[in-house]
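Student: Each residue of the sequence shown is one higher than the one before, starting from 25 at the first, in the numbering used here. Virtual Cβ for every residue (Gly too), placed ideally from N, Cα, C. My questions will all concern the structure given below.
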Amino acid sequence: MHPDAVADPSATAGAGAMIGADAHLGEDVRIAPYAVVDARTTVGARSIVGPHAVLHHDVTLGNGVLVGAHAVIHPGTIVGDDTVVGDHAVIGKPPRLRAGSAAASSDPLDPLRIGAGATVGAGAVILTGSTIGDGSIVGDQAFVRERTTVGVGSVVGRGSTIDCDVTVGDRVSIQTDVYVTARSVIEDDVFLGPGVHTTNDDRMARPPLDADGRPDHTALIDALAGATIRRGARIGGRAVLVPGVEIGADAFVAAGAVVTKDVAPATRVMGVPAREAGEVPAEDRLRD
Ligand SMILES: CC(C)(COP(=O)(O)OP(=O)(O)OC[C@H]1O[C@@H](n2cnc3c(N)ncnc32)[C@H](O)[C@@H]1OP(=O)(O)O)[C@@H](O)C(=O)NCCC(=O)NCCS
């Protein structure tokens, strides 16, 4: 323990644990053997940090947080009360982008914020600059990229990927192995079945040519268009949404459909390409 660390007398740290300068351990905190709590990091009362976990500098854990074995929490990350961070999860990770990446931005990224009562599954990876709302679950091995917001009480299923610059609302259910592409908007109470894939680039990374016949990378990036899925819409397993489509509120997309056009609110579509197949019955629509 660094001489400038501050620990409540009831806090304990196992063999080989390292507590950095100006770190703060609250009441009844337990730091397992070989865990690292780096400089200026705060661990709230009753929190448990598992063996070999690494809490980098300037992390804030609320009260009653459980951090699993080998989890890594990157600098500046803020974790709310009673949240669970699973074994081998990596949270607050900075992105590493190739030169010219469409995800690049000159604005610095805010720290990752995870709300209270949330769950981060084993092996999940969440990048910095994002927010996960109270009570939401990011499942085992799921991946959430930078500048993405997940609302309150939502689920990102096992192995699903939410790309950068996505907004996911409240009470959204994203099942296993879903891909939500960059610049998508998923409103409250949406359901995405297993293996749903959204897309955002009709040119598949091949830039158009400018007036001088040179590849125009800016035009390519400007043209990226994610999905917009309005409140209460439901998308069946393995459906594919081509770039820029809007699925109306309470619409229903059948399993395996390829959606090539906007879908009107409360409309059912199915097939490849998806065709209208009636209305969603009134009793199946969301009530306020
Ligand atoms: C759309 C769905 C609900 C079936 O609807 P349904 O009205 O009961 O359809 P029926 O079984 O009566 O079939 C009606 C016709 O549509 C066809 N059909 C049914 N589901 C279809 C689908 N997903 N895609 C294309 N055609 C489909 C049927 O073959 C049938 O065609 P036919 O009249 O030429 O024989 C079902 O296919 C579906 O997509 N469910 C969603 C499941 C899901 O992904 N859940 C996610 C969580 S696990």
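Beta carbon of R54, beta carbon of P119: below 8 angstroms?
Tutor: no
Student: For my contact list, A273 and R292 are in at a C-beta cut-off of 8 angstroms; report their separation, rounded to the angstrom.
Tutor: Not quite, the Cβ-Cβ distance comes to about 13 angstroms (not below 8 angstroms), so this is no contact.
Student: Suppose only complete runs of 3+ residues qualify. What are the beta strand (DSSP E) ranges in the segment 125 to 162, listed by chain order?
Tutor: 149 to 151
Student: Look up H221 in the DSSP assignment and say whether it is helix, strand or coil.
Tutor: strand
Student: In the DSSP output, what is S71 paired with across the bridge?
Tutor: The partner list for S71 (beta bridge, DSSP) is empty, contrary to what the question assumes.
Student: Tell me whether G268 counts as near ligand 1, meaning its Cβ is closer than 7 angstroms to at least one heavy atom of that ligand.
Tutor: no
Student: Can you say whether P239 is buried or exposed, counting buried as having 16 or more other CB atoms within 10 angstroms of its CB?
Tutor: exposed
Student: Cβ-heavy atom distance between G217 and ligand 1 below 7 angstroms?
Tutor: yes
Student: State buried or exposed for A128, treating a residue as buried only when at least 16 other CB atoms are found within 10 Å of its CB.
Tutor: A128 should be labelled exposed.
Student: From V283, A279, A257 and G261, pick the residue whose C-alpha is nearest to that of P267; which is it?
Tutor: V283
Student: Tell me the DSSP bridge mates of M294?
Tutor: Per the DSSP secondary-structure output, M294 pairs in a beta bridge with R299.
Student: DSSP has L233 in a bridge; who is on the other side?
Tutor: P239
Student: Report, in whole angstroms, the separation of the C-beta atoms of A95 and A69, which I expect to be a contact under 8 angstroms.
Tutor: Actually they do not touch by this definition, with Cβ atoms about 19 angstroms apart.
Student: Determine contact between the segment 79 to 88 and the segment 97 to 112, defined as no fewer than three beta-carbon pairs at a distance below 8 angstroms.
Tutor: yes
Student: Quick one: grab the DSSP three-state call for L248.
Tutor: Reduced to three states, the DSSP call for L248 is coil.
Student: By how many angstroms is the C-alpha of P218 removed from the C-alpha of E307?
Tutor: The C-alpha of E307 lies about 24 angstroms from the C-alpha of P218.
Student: Which whole-angstrom value describes the C-beta separation of S184 and G163, a residue pair presumed to lie in contact below a C-beta threshold of 8 angstroms?
Tutor: 7 angstroms
Student: At a threshold of 7 angstroms, does G295 count as lining ligand 1 (C-beta to nearest heavy atom)?
Tutor: yes
Student: Taking 7 angstroms as the cut-off, is the C-beta of A278 nearer than that to any heavy atom in ligand 1?
Tutor: yes
Student: V114 lies in the beta strand (DSSP E); which residues open and close that run?
Tutor: V114 to K117
Student: Would the beta-carbon of G163 be found less than 7 angstroms away from any heavy atom of ligand 1?
Tutor: no
Student: Using CA coordinates, which residue listed in A113, H112 and H241 is at the minimum distance from D225?
Tutor: H241
Student: Measure the beta-carbon distance from A113 to G147 and round it to whole angstroms, keeping in mind my assumption that it falls under 8 angstroms.
Tutor: 6 angstroms
Student: Looking only at its own chain, which residues have a Cβ that is under 8 angstroms from the Cβ of R309, when we skip the five neighbours before and after it?
Tutor: G256, D274 and A290
Student: When burial is assigned at 16 or more other CB atoms within 10 Å of the CB, is A235 buried or exposed?
Tutor: exposed
Student: Output yes or no for whether 8 angstroms exceeds the beta carbon distance between A45 and A59.
Tutor: Taking 8 angstroms as the cut-off, the beta carbon of A45 is found no closer than this to the beta carbon of A59.
Student: A142: buried (16+ other C-beta within 10 angstroms of its C-beta) or exposed?
Tutor: buried
Student: When the Cα atoms are used, what is the spatial distance from M294 to I161?
Tutor: 30 angstroms
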